[in-house]
Amino acid sequence: MTKATTVKASPYDFPLQPENCALLIIDMQRDFLESGGFGETLGNDVSLLRSVIEPNRRLLAAWREAGLPVLHTREGHLPNLSDLPPSKRNRGNPSLRIGDLGPMGRILIRGENGHDIIPELYPLSDEPIIDKPGKGAFTRTDLEAQLKARGISQLVVTGVTTEVCVNTTVREANDRGFECLVLSDATASYFPSMHHAALAMIKAQGGIFGWVSDSDSLLEVLL
Ligand code: C5J
């Protein structure tokens, strides 16, 4: 296992303690990254997110090789929609609403093809998948209990989208006492300006929510 070290980061170097650190990959699902899914129904160009696949793939391989824990999240709802607030289903003017049938199955519904993680980053059988009905991965899930049971106090956070589920999760984690390192090239938004703003918010004011780095800087200390 990698020894305690520092990772080049902003606003200052991140004090990585590998024995207490997990990789948390947020919502790398077909519904956000492939056409015909939730992201596209909202009018987004899903190709804008695909640049994060390769940095995540390389990082995941190195992280697994180092024997460190990884957890994956998926945003989605029960088939009977009992965990979907009407306010979320009715918001905006999408081409298909959550629960409607699209080319990858019902939009953002657990068990459907579109809801699952893209093949490039598919979890191994012993890697927990946190299914969450909201944007934040701590809300109505057992993520905090799972992390605490493993003695995790630090999170490397990647995935999509930077200003929505990544940011919400980092804020929730920070309030629960976890130190978060967010990787700029392994996170993305449908709106590049929001990606940059979301990262700026995390590291502002001395790292009010956490640290920002990139996958190469982390790989440097892992490999
Ligand atoms: C969104 C997410 N953007 N995973 N979800 O609705 O960021």
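Numbering-wise, the sequence shown is residues 1007 to 1229 according to our numbering. For glycine and all other residues, C-beta sits at the position ideal for the given N, C-alpha and C.
Contact belief for residue i with residue j at Cβ below 8 angstroms, rounded distance in angstroms
i: residue 1221; j: residue 1061; result: 4 angstroms
i: residue 1024; j: residue 1074; result: 6 angstroms
i: residue 1228; j: residue 1218; result: With a Cβ gap of about 18 angstroms, residue 1228 and residue 1218 do not count as contacting.
i: residue 1165; j: residue 1059; result: In fact, because the Cβ distance is near 11 angstroms, the residues do not count as touching under 8 angstroms.
i: residue 1113; j: residue 1102; result: 5 angstroms
i: residue 1077; j: residue 1152; result: 7 angstroms
Cβ-Cβ distance between residue i and residue j below 8 angstroms
i: residue 1089; j: residue 1021; result: no
i: residue 1209; j: residue 1016; result: yes
i: residue 1124; j: residue 1027; result: no
i: residue 1056; j: residue 1110; result: no
i: residue 1079; j: residue 1122; result: no
i: residue 962; j: residue 1193; result: Since the first residue of the chain shown is 1007 and the last is 1229, residue 962 is not available in this structure.
i: residue 1008; j: residue 1072; result: yes
i: residue 1120; j: residue 1216; result: no
i: residue 1029; j: residue 1162; result: yes
i: residue 1212; j: residue 1178; result: no
Residue i classed as buried or exposed, judged by whether at least 16 other C-beta atoms fall within 10 angstroms
i: residue 1047; result: buried
i: residue 1099; result: exposed
i: residue 1130; result: exposed
i: residue 1190; result: buried
i: residue 1132; result: exposed
i: residue 1097; result: exposed
i: residue 1018; result: exposed
i: residue 1081; result: buried
i: residue 1196; result: buried
i: residue 1185; result: buried
i: residue 1187; result: buried
Bridge partners - residue i, DSSP secondary structure assignment
i: residue 1112; result: 1107
i: residue 1021; result: 1012
i: residue 966; result: Examination of residue 966 is not possible in this model, given that the chain is present from 1007 through 1229 alone.
i: residue 1029; result: 1076 and 1162
i: residue 1035; result: 1123
* List in chain order: all unbroken beta strand (DSSP E) runs of 3+ residues lying wholly within the segment 1066–1090. => Secondary structure in the segment 1066–1090: the beta strand (DSSP E) runs of 3 residues or longer, each lying completely within the stretch, are 1076–1081 in chain order.
* Asked: Taking only runs of the alpha helix (DSSP H) that begin and end inside the segment 1104–1177, which ones reach a length of at least 4 residues, in chain order?
  -> The qualifying runs are 1149–1155.
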